[in-house]
Amino acid sequence: MTATPRWSALDLAEGLQLGHALSTLHDLGVLAALARPRGVDELAVEFGLDEAMLGATLEFAAARTDLIDRRGQRFRTTAAYAPAARFVLDLYAGAFAGNAVALPSILRRPARAGAAVDRARHAQAFLQAPAGPEAVPAGLLHQLGVRAALDLGCGPGALLRTMALQDDGFRGWGIDANPAMCRNARARLREAGVSRRVRIVQGDGRDPARTLSDAARAKIQAVVAGDLANELCAVGADAAVAWLRRLQRDFPQRLLLVSDYYGRLGHRGHAAGRETLLHDYVQAISGQGIPPPDRKAWQAIYRAADVRLVHCIEDTSTTRFLHLLRL
0 MTATPRWSAL DLAEGLQLGH ALSTLHDLGV LAALARPRGV DELAVEFGLD EAMLGATLEF
60 AAARTDLIDR RGQRFRTTAA YAPAARFVLD LYAGAFAGNA VALPSILRRP ARAGAAVDRA
120 RHAQAFLQAP AGPEAVPAGL LHQLGVRAAL DLGCGPGALL RTMALQDDGF RGWGIDANPA
180 MCRNARARLR EAGVSRRVRI VQGDGRDPAR TLSDAARAKI QAVVAGDLAN ELCAVGADAA
240 VAWLRRLQRD FPQRLLLVSD YYGRLGHRGH AAGRETLLHD YVQAISGQGI PPPDRKAWQA
300 IYRAADVRLV HCIEDTSTTR FLHLLRL
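Numbering (our numbering), first residue to last: 0 to 326.
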């Protein structure tokens, strides 16, 4: 993995201002309005903004980013303002912006970190998340004959939606703590015509038995945890081990598919891409913690909980993985 050049003080100051400017324009809807060339005067009237201030912001963004082009007196967004870019803006520059601002307080009292996350913006980000990552876990579970699954930390319901569309007999349950995320998931399932077969419930994925009935739990063949286990690593492995033991008690002998990533900050001797480092950092300042750095470290957690790793798929271009476990 090629090392990314480190930033100078000027890079940092410019990046701070550009990131906030682009996030603001995105949040206001100005970037969406620039799908076709528009003049500053026209945009200022439409959005109730100061023309001179808006003009300076757009000119700066067009000069220094690949998201906006300027042609004469008109601006428009480029192909780079794609769903992947909107996801990055909503997630890292939006949902976790409050954590960056609150860093002086969080450094002294980390327990306050979670309260600074913008949960509505977090849910909005995952509406923009590029489609496709759910295909591999969905395909694996389908290949294993799973027709009833529980998705912990289900987000917008992409995995459950995919599985329901590929199997008319599939039944699914999703649990997410974010009420806005649950609303988005239900809306997407209704749009796909599968909402009668997939139920989304607001609750705590760390203890799903509190949310699901005994009858529902008895039907579930596999449990999926997508980017949930990493949140249990803020202070050592004890919380993750306790979670696995609860799942083993409530879903004995069921399959557990952990879809997550290997962390890098705080773990020496591992190559680190800038995307992974950024995600590690927001994990830290939002109170979620940074996950273990490799399969060996994750396996130590599994062994401590007395669950067995059956199969492992690792993305060598990132640090993401799928771990298939037997509870």
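Cβ coordinates follow ideal geometry from the N, Cα and C atoms, glycine included.
Checklist entry - Does the beta-carbon of Gln165 have 16 or more other beta-carbons within 10 angstroms, so that it is buried, or is it exposed? => result exposed
Next on the checklist: For Leu246, count the other beta carbons within 10 Å of its own beta carbon; 16 or more makes it buried, fewer makes it exposed. Which is it?
Outcome noted: buried
Item to check | Outcome for Pro207 when other beta-carbon atoms lying within 10 angstroms are tallied against a minimum of 16 | outcome: buried
Checklist entry - Do Ser194 and Asp226 have their C-beta atoms within less than 8 angstroms of each other? => result no
Checklist entry - Would you call the CB atoms of Ser22 and Ala92 closer than 8 angstroms? => result yes
Item to check | Where Glu313 falls: helix, strand or coil (DSSP) | outcome: strand
Item to check | Beta-bridge partners of Trp297, as assigned by DSSP | outcome: Its beta-bridge partners do not exist; DSSP assigns none.
Item to check | Beta-carbon separation (whole angstroms), Asn98 vs Ala115, contact threshold 8 angstroms | outcome: 4 angstroms
Item to check | Residue interval of the alpha helix (DSSP H) (run including His19) | outcome: Ala8 to Leu27
Checklist entry - Per DSSP, which one or two residues make a beta bridge with Gln201? => result Asp175
Checklist entry - For Arg195, which of helix, strand or coil comes out of DSSP? => result coil
Checklist entry - If you drop the 5 nearest sequence neighbours on each side, which residues of the same chain put their C-beta closer than 7 angstroms to that of Ala179? => result Arg118, Ala119 and Ala122
Next on the checklist: Would the segment 156-164 count as touching the segment 181-200 if we require 3 or more Cβ pairs under 8 angstroms?
Outcome noted: yes
Next on the checklist: For Ala124, count the other beta carbons within 10 Å of its own beta carbon; 16 or more makes it buried, fewer makes it exposed. Which is it?
Outcome noted: buried
Checklist entry - Name the DSSP bridge partner or partners of Ser258? => result Gly225 and Leu321
Next on the checklist: Cutting at 8 angstroms between CB atoms, please list the residues of its own chain near Ala60, excluding the five before and the five after it.
Outcome noted: Leu17, Ala20, Leu21, Leu24, Leu66 and Ile67
Checklist entry - Apart from the five residues on each side of it in sequence, which residues of its chain come closer than 8 angstroms, Cβ to Cβ, to Gly171? => result Ala147, Ala148, Leu149, Asp150, Leu159, Met162, Ala163, Arg196, Val197 and Arg198
Checklist entry - Expressed to the nearest angstrom, what Euclidean distance is found between the alpha-carbon atoms of Gly144 and Val223? => result 14 angstroms
Checklist entry - Are the beta-carbon atoms belonging to Ile284 and Ala112 less than 8 angstroms from one another? => result yes
Checklist entry - Is the CB-CB distance between His322 and Trp297 below 8 angstroms? => result yes
Item to check | Ile67 (DSSP reduced to helix, strand or coil) | outcome: strand
Checklist entry - Which whole-angstrom value describes the C-beta separation of Gly286 and Ala233, a residue pair presumed to lie in contact below a C-beta threshold of 8 angstroms? => result 6 angstroms
Next on the checklist: Between the alpha carbons of Ala215 and Ala137, how many angstroms are there, rounded?
Outcome noted: 20 angstroms
Item to check | Per DSSP, cross-strand counterpart(s) of Leu151 | outcome: Ile174 and Ala224
Checklist entry - Does the Cβ of Arg328 have 16 or more other Cβ atoms within 10 Å, making it buried, or fewer, making it exposed? => result With the chain represented from 0 up to 326, any question about residue 328 goes unanswered, as that position is not in the structure.
Item to check | Rounded straight-line distance, which links the Cα of Leu9 to that of Leu188 | outcome: 46 angstroms
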